[in-house]
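This report refers to the structure that appears directly beneath it.
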Amino acid sequence: MGFTINEDRGSVIARLLFLAVLVMAGFIYMNWTLRESKRYAPQQHAISSVRNVVTSQVTYSETIGDGTYADSLDLLYSSNLIDSVLASGTKEGYIFILSTDAGTDSFAFYATPITYDGRSRSFFTDETGVIRYTTEERPATADDTPLGQ
Numbered sequence: 000m001g002f003t004i005n006e007d008r009g010s011v012i013a014r015l016l017f018l019a020v021l022v023m024a025g026f027i028y029m030n031w032t033l034r035e036s037k038r039y040a041p042q043q044h045a046i047s048s049v050r051n052v053v054t055s056q057v058t059y060s061e062t063i064g065d066g067t068y069a070d071s072l073d074l075l076y077s078s079n080l081i082d083s084v085l086a087s088g089t090k091e092g093y094i095f096i097l098s099t100d101a102g103t104d105s106f107a108f109y110a111t112p113i114t115y116d117g118r119s120r121s122f123f124t125d126e127t128g129v130i131r132y133t134t135e136e137r138p139a140t141a142d143d144t145p146l147g148q
């Protein structure tokens, strides 16, 4: 008992259609994943910049600052601890502000989106090194949720 020519053709066509549907589903998923990663890339860059400033502040305090933190991004830049783009205060869709009282042992660092899109997050850190965020349209503060929770 074998297959007839018509049954073979129908089976081949069904398999090809199934394969085409699988390939299209794969492309749709890849496209969605790519769009989502591009959407969150600025936030990841901002988090990286916040971590960079914390590390730079610790390095500055332990070396050049004699126990005190830098009072400006320009000072961290001139000490070769951050790049010129971050020192400018604007990078990858975020505004960065370093706040300290000169010569103190504390600082606050803010990363706020230039524009909010409903999924944006603002970030905050201080001398504790804990990065905090909010999804509200305002700068994050020490009272907001720690990153990773």
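Numbering that gives the first Met the number 0 applies: residue 0 is where the sequence shown begins, and numbers increase by one. Where a beta carbon is used, it is the ideal one built from N, C-alpha and C, also for glycine. Note that the coordinates shown come from a computational prediction; the quantities given were computed from them, not determined experimentally.
Straight-line spacing of the CA atoms in V53 and G128 works out to 6 Å.
Around the CB of F26, fewer than 16 other CB atoms lie within 10 Å, so the residue is classed as exposed. For D125, the enclosing beta strand (DSSP E) has its first and last residue at S121 to D125. Counting C-beta pairs with one atom in each stretch, the region 87 to 96 and the region 39 to 58 have three or more that are closer than 8 Å, which means they touch.
Taking V84 as the centre and dropping the five residues before and after it, the same chain places the C-beta of K90 closer than 8 Å to its C-beta, in chain order. V49 is positioned such that its CB atom lies closer than 8 Å to that of F122. Cβ-Cβ distances below 8 Å link E126 to Q56, Y68, D104, S105 and F106 in the same chain, with the five nearest sequence neighbours on each side left out; the list follows chain order.
DSSP links F95 through a beta bridge to A110.
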